[in-house]
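Q: Those sequence lines, one after another, are chains A and B. Residue 173 in UniProt numbering is what sits at position 173 of the first sequence, and the numbering runs on without skipping anything. Residue 160 in UniProt numbering is what sits at position 160 of the second sequence, and the numbering runs on without skipping anything. Positions of the beta carbon are idealized from the N, C-alpha and C atoms, including for glycine.
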Amino acid sequence: SSWWSHVEMGPPDPILGVTEAFKRDTNSKKMNLGVGAYRDDNGKPYVLNCVRKAEAMMASKKMDKEYLPIGGLADFTRASAELALGENSEAFKSGRYVTVQGISGTGSLRIGANFLQRFFKASRDVYLPKPSWGNHTPIFRDAGLQLQAYRYYDPKTCSLDFSGAMDDISKIPEKSIILLHACAHNPTGVDPRQEQWKELAAVVKKRNLLVYFDMAYQGFASGDINRDAWAVRYFIEQGINIILAQSYAKNMGLYGERAGAFTVICSDAEEAKRVESQLKILIRPMYSNPPLNGARIASIILNTPDLRKEWLVEVKGMADRIISMRTQLVSNLKKEGSSHNWQHITDQIGMFCFTGLKPEQVERLIKEFSIYMTKDGRISVAGVTSGNVGYLAHAIHQVTK
Amino acid sequence: AYRTDEGQPWVLPVVKKVEQMIANDHSLNHEYLPILGLPEFRANASRIALGDDSPAIKENRIGSVQSLGGTGALRIGAEFLRRWYNGNNNTATPVYISAPSWENHNSVFVDAGFKDIRTYHYWDAAKRGLDLQGLLDDMEKAPEFSIFILHACAHNPTGTDPTPDQWKQIAAVMKRRFLFPFFDSAYQGFASGSLDKDAWAVRYFVSEGFELFCAQSFSKNFGLYNERVGNLTVVGKDTDNVQRVLSQMEKIVRTTWSNPPSQGARIVATTLSSPQLFAEWYDNVKTMADRVLLMRSELRSRLESLGTPGTWNHITEQIGMFSFTGLNPKQVEYMIKEKHIYLMASGRINMCGLTTKNLDYVAKSIHEAVTKIQ
C-alpha cells in the first residue's frame, strides 16, 4: 500500500479549466477571455521591444551564473523601489526602506505574508476587498494568517461600494492588516478615485492599520506609471509605513521569468537593515536566492535611459489598446441595440472587467458562442481584439436582451 | 561554486551554446509556465535521476515538480510531507538530518512546520569516515515513519558517502522500520563524472520498492546557480497515488511562487533532449568532476610526500566539492590568520578553490598547521 492512499485529489483550478475547455473547442470564432496575460491585436503574446533589446545586451555581455545574494539583484531592487515610490520620495531618498527581490507578485506577497506571521504580533487578521484575486486567500492562509473581508464591489452598479468600504474599514480592529490593490483591481477593474483614496488613507490611519499594497499593474492600468502608483505614494506621504508587493509580469511582459519585489517602508535606515536581515532568514529556506534572468532584464530596462523611455511608450501602448477595446465593446453593444447601461466597462480599468453577466448568461456565451470566461462574468479585456470585439458585443447582446 | 584552474567561475560551453539558441529563437516568448513547470524539463530531469530504464518510469508511477533550485524542491517536498505524510498535518513526525549536514536543511524543515528535528550519526571524526554503525543504530531506534534526509552523493559537508554495500544495509533497515527516504541530490554527475554512479543510491531504493522524494539541483552540474533550476522527483506505488500527490503539490506551489522561472528550465530541457547537446553536457560535467578529482589526488600526494603527520587517504576517498580535512578549529585559525587560506571552522575545504598554482602553498600550509598546532 502507499503512503499516499489518503491524499485527496486537489480541486481543479477554475481558471485553468476555462483555458482547457477553450483549447478543446473547434469553433473558429472562439474567444478565450479567461487568460490573465496581455495579447496584441492579433491575439498573440507580446514580447516588448525593450525586453528584446535588454536580452540582446545580456547575451553579448557573457556574464557568469554565480548565485545572487539572498535579497536579489541590487540594481533591480533599488530600481523597483524607485519605480514604486518615485525618485523624489523622501522615503526612497532617505533609505528608510528595504526592497528584496521576490518570485514575481505571488512570491513577493508570500514573503510579506510570512514576514507578518513571524513579526507582526498585533494581529493575525488580513482584510481583503470583496472580491479579491483568488490566490490572495490561500497565500495568506498558508502563511498562517486569517482572512477577513471589507465591502468593495457593488454588483448593482458594477462599481465601487465606497460607503460600504468606508463603513467596514472604519470598524476593522486596530492594528489589523488591510490589503489594498494599488491600481487595476483584480478581478473587478474598479479603482477608487483620488479623492476616495484620500478618505481611505485617513480612515486606515485613524484605525492604525498595517497597509499591504499589491501593485501588479503599475503602468499597465492607465498607461502612466506615476498615476498608477499615486495611491501608494500618497499613503506614504501621509506617514503610513506601508508594505508593498510588485510584479513585472504584466507591465514588462515578463510573466514566466518571475520578476517581482517586496518592500517594507521603515522608520529609518537602521530599522530597514534589521528588517532586511529577517527577510533573508525567511527567504533562504524557501529557495535560497532568486532567479536572475527576469530581474536582470527589468533592471537593464529601468536603469538604461533609452530603454526606460521605450518601455514607458510600450506599456502605454498596451494600456491604450485595452482602453480602446473597452471603448469599442461599449460602442458595439450600443450598435447592437442593447438598452443596458454598459458604462462600467469603460469606467473600469486594467486587464479585467466585471461585466455584470450572470452565471446562466456566461454559460450561454460559452455553449452557444464559444466565448470563454469565468463564471463570475469576469473577462480579460486583453483577449479582445479589433477583429473579434464585434462578435463579442453581438454575443453579449444576444444573452442579455 | 565550481572554479576553473584559474580560479574563475565557469559557464559551461554547452550552456552558452543553448542560451544563444534561445536568444536567437524569436518564436519563444515569456508566457507563464504551468504551475508544475516546463513539461520537457520535468520529464527529462526525473529521467536523469532515475535512469532511462527505470521501472518506476516505465510503470508511470513518477511525478516531477520544477522547483527553484534544490532548496525549492526540498521546501515543496517538506511542505507536502507536513500536510499529508503520516496522517494529516502531523507536525510531530520526526525528521532526521545527518550530523553534520548542509545547514539550510534544518531551516527548510523547521519553516515547513515540523516540530521534531533530530540528527542521525554520520561523520566519525576519529576515523575520518562514515559512522555506519551509529547511523544504523539511529535508524533502528527512530520512531516508525520518521523522515530521513539522505544525501544521494557527495555528502555536504563531509564528502563522505556510503558504499553501495552500506547503502544496501541502510535501505534494509529503512524498509523494515517504515522510514521515509527524502534524497537530496545536488551533485549528480559533478561528484564522480558519471550520472549513473552518482544516482546509484536513489535508483537502488527505487528498485527496492520504496516510495521516495528526490530533490534535484542543476545549480552545480549545469553551472546554472542563479537561474534556480531544480526538480522534485516523486516516486510512488502507482499512477493514481502520484497524481493525487502532484495535485496537492500544485496547491502548495501556487501559494509559494505560482509557477517557476522559465530560463533555466529551457536551457536544461533543450540540452537533455538533444543527443548531441546531452553528450556535450556530459563532457562538460566530466571536465568539472575530473578537475576536482585531480586536485584531490594532487593534494593528497603532496601531503604524503611532505610526511605530514596523520593519514590523508580520506582526501581522495571523499567525493564532490567538499572535504572534511580533519583540521581542528585551532589549526583552521592558523590557516586563516597566518596563511590567508580560508576554510570553515569544521575543517571543511572547498576543493574547487584549489588550482595547480596554489596546490604547493596549500599543502605546505596544512603541513605547518598540523605540525605546529595541536
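Do G256/A and L36/B have their CB atoms nearer than 8 Å?
A: As a position in the first sequence, residue 256/A is number 256, starting the count at 1. As a position in the second sequence, residue 36/B is number 36, starting the count at 1. No.
Q: Any beta carbon from chain A within less than 8 Å of residue 378/B's own beta carbon?
A: Because chain B is modelled from 1 through 374, residue 378/B falls outside the range shown and cannot be assessed.
Q: Taking the alpha carbon of V211/A as the reference point, which residue from A184/A, H185/A and I243/A has its own alpha carbon closest?
A: Position 211 of the first sequence, counted from the start, is the residue given in the question as residue 211/A. Per the Cα distances, I243/A.
Q: Please report how far the alpha carbon of A56/A lies from the alpha carbon of T93/B, in whole angstroms.
A: Your numbering for residue 56/A matches position 56 in the first sequence. Your numbering for residue 93/B matches position 93 in the second sequence. Looking at the two C-alpha atoms, the distance is approximately 50 Å.
Q: When the Cα atoms are used, what is the spatial distance from F22/A to R296/A?
A: By one-based count along the first sequence, residue 22/A stands at place 22. By one-based count along the first sequence, residue 296/A stands at place 296. Straight-line Cα distance between these residues: approximately 34 Å.
Q: For the pair the stretch 68 to 79 of chain B and the stretch 209 to 226 of chain B, tell me if three or more CB-CB distances fall below 8 Å.
A: Yes, the stretch 68 to 79 of chain B touches the stretch 209 to 226 of chain B.
Q: How many angstroms separate the CA atom of residue 377/B from the CA atom of W200/B?
A: Here chain B has residues from 1 to 374 only, and residue 377/B is not among them.
Q: Just verifying my parser: in three-state terms, what is the DSSP assignment at Q216/B?
A: As a working mapping, residue 216/B is identified with position 216 in the second sequence. Correct three-state label for Q216/B: strand.
Q: Among residues of its own chain, excluding the 5 on either side of L277/B, which ones have a beta-carbon nearer than 7 Å to its beta-carbon?
A: Here residue 277/B corresponds to residue number 277 of the second sequence, with the count starting at 1. Around L277/B: V14, V18, T270 and T271.
Q: Taking the alpha carbon of G390/A as the point to measure from, which residue in Q348/A, T374/A, F369/A and Y287/A has its own alpha carbon closest?
A: On the first sequence, position 390 is the one that residue 390/A refers to. Ranking the options by Cα distance to G390/A, first place goes to F369/A.
Q: Indicate whether I319/B and A171/B have their beta-carbon atoms separated by less than 8 Å.
A: Numbered from its first residue, the second sequence carries residue 319/B at position 319. Numbered from its first residue, the second sequence carries residue 171/B at position 171. No; because the gap between Cβ atoms is not below 8 Å, this pair is not in contact.
Q: Would you kindly work out how many angstroms separate the C-alpha atoms of T239/B and S247/B, rounded to a whole number?
A: Along the second sequence, read from residue 1 onward, the residue named residue 239/B stands at position 239. Along the second sequence, read from residue 1 onward, the residue named residue 247/B stands at position 247. Roughly 12 Å separates the two Cα atoms.
Q: Since I believe V108/B is in contact with R75/B (beta carbons under 8 Å), could you give me their beta-carbon distance rounded to a whole number of angstroms?
A: Along the second sequence, one-based indexing puts residue 75/B at 75. Along the second sequence, one-based indexing puts residue 108/B at 108. Sure, about 5 Å apart at Cβ, within 8 Å.
Q: Below 7 Å CB to CB, which residues in the same chain sit around residue 378/B once its five sequence neighbours on both sides are set aside?
A: Since the displayed chain B opens at 1 and closes at 374, residue 378/B lies outside it and no answer follows.
Q: Kindly list the residues whose CB is nearer than 8 Å to the CB of R254/B, restricted to its own chain and excluding five residues on each side of it in sequence; keep chain order.
A: Walking along the second sequence from the start, residue 254/B turns up at place 254. Hits under 8 Å: I35.
Q: Residues bridged to A369/B by DSSP?
A: As a working mapping, residue 369/B is identified with position 369 in the second sequence. DSSP, once it has assigned bridges, lists no residue as partnering A369/B.
Q: Identify each residue in the stretch 62 to 92 of chain B for which the Cβ-Cβ distance to at least one residue of chain A is less than 7 Å, and report them in chain order.
A: Against chain A - using a Cβ distance shorter than 7 Å - the residues of the stretch 62 to 92 of chain B are L68, G69, T71, G72, R75, W84 and Y85.
Q: By Cβ distance, which residues of its chain are closer than 8 Å to M325/A, with the 5 residues on each side in sequence left out?
A: Residue mapping note: residue 325/A aligns to position 325 of the first sequence, counting from 1. Closer than 8 Å at the Cβ level, and outside the excluded window around M325/A, lie V381, V384, T385, S386 and V389.
Q: Along chain B, in chain order, which residues have C-beta atoms closer than 7 Å to that of G72/A?
A: Residue mapping note: residue 72/A aligns to position 72 of the first sequence, counting from 1. Under the 7 Å cutoff, chain B gives no residues; its nearest Cβ is about 10 Å from G72/A.
Q: Measure the CB-CB distance between T355/A and G377/A and report whether it falls below 8 Å.
A: Taking the first residue of the first sequence as 1, we reach residue 355/A at position 355. Taking the first residue of the first sequence as 1, we reach residue 377/A at position 377. Cβ distance < 8 Å, so T355/A and G377/A count as in contact.
Q: Spatial neighbours of L343/B within its chain, please: C-beta separation below 8 Å, excluding the five flanking residues on both sides.
A: Counting from one through the second sequence, the residue named residue 343/B turns up at place 343. Excluding sequence neighbours, L343/B sits near T325, L327, V332, M335, I336, I349 and N350.
Q: Where does the unbroken beta strand (DSSP E) through N226/B begin, and where does it stop?
A: Residue numbering aside, residue 226/B sits at position 226 when the second sequence is read from its first letter. Here N226/B belongs to no beta strand (DSSP E), and DSSP marks it neither H nor E.
Q: Whose Cβ in chain B lies nearer than 7 Å to the Cβ of T106/A?
A: Translated into the one-based positions of the first sequence, residue 106/A becomes position 106. Under the 7 Å cutoff, chain B gives W257 and S258.
Q: So, does the CB of L36/B fall closer than 8 Å to a CB anywhere in chain A?
A: Here residue 36/B refers to the residue found at position 36 when the second sequence is read from its first residue. No, L36/B does not count as interfacial toward chain A.
Q: If we cut at 8 Å on Cβ distances, does D142/A have a partner in chain B?
A: As a first step, residue 142/A is located in the first sequence; it is residue number 142 there, counting from the start. Output row for D142/A: interface = yes.
Q: Using the beta-carbon of each residue, which ones in chain A are nearer than 7 Å to L33/B?
A: Counting from 1 along the second sequence, the entry for residue 33/B is found at position 33. In chain order: G256.
Q: According to DSSP, L179/A sits in a beta bridge with which residue or residues?
A: In the first sequence, the residue the question calls residue 179/A occupies position 179. DSSP output for L179/A lists Y212/A as bridge partner(s).
Q: Do Q101/A and F119/A have their C-beta atoms closer together than 8 Å?
A: Taking the first residue of the first sequence as 1, we reach residue 101/A at position 101. Taking the first residue of the first sequence as 1, we reach residue 119/A at position 119. Result no, Cβ atoms of Q101/A and F119/A do not sit closer than 8 Å.
Q: Please name the residues in the stretch 21 to 41 of chain A whose beta-carbon is closer than 7 Å to at least one beta-carbon of chain B, in chain order.
A: Going along the stretch 21 to 41 of chain A in chain order, one finds A37 with a Cβ nearer than 7 Å to chain B.
Q: Return the CA-CA distance between E314/A and T304/A, expressed in angstroms with no decimal places.
A: Counting from one through the first sequence, the residue named residue 314/A turns up at place 314. Counting from one through the first sequence, the residue named residue 304/A turns up at place 304. Answer to the nearest angstrom: the Cα atoms are 15 Å apart.
Q: Could you give the residue range of the beta strand (DSSP E) that holds V384/A?
A: For the purposes of this step, residue 384/A is identified with residue 384 of the first sequence, where counting begins at 1. Neither: V384/A is in no beta strand (DSSP E) and is coded neither H nor E.
Q: Just tell me which of G7/B, L303/B, P9/B and P309/B has its CA closest to the CA of D373/B.
A: Start at 1 with the first residue of the second sequence, and residue 373/B comes out as number 373. Going by the sequence as given, residue 373/B is Ile instead of Asp. Measuring from the Cα of I373/B, the nearest candidate turns out to be P309/B.
Q: Take every Cβ of the stretch 134 to 141 of chain A, pair it with every Cβ of the stretch 161 to 169 of chain A, and state whether three or more of those distances are shorter than 8 Å.
A: They do not touch, by the three-pair rule.
Q: Using the DSSP secondary-structure output, state which residues sit across from T239/B in a beta bridge.
A: As a position in the second sequence, residue 239/B is number 239, starting the count at 1. DSSP lists no partner for T239/B.
Q: Can you list the residues of chain B that Y287/A reaches, using a CB-CB cut of under 8 Å?
A: Looking up residue 287/A in the first sequence gives position 287. Residues of chain B passing the Cβ test: S67, L68, G69, T71, G72, R75, R228 and W257.
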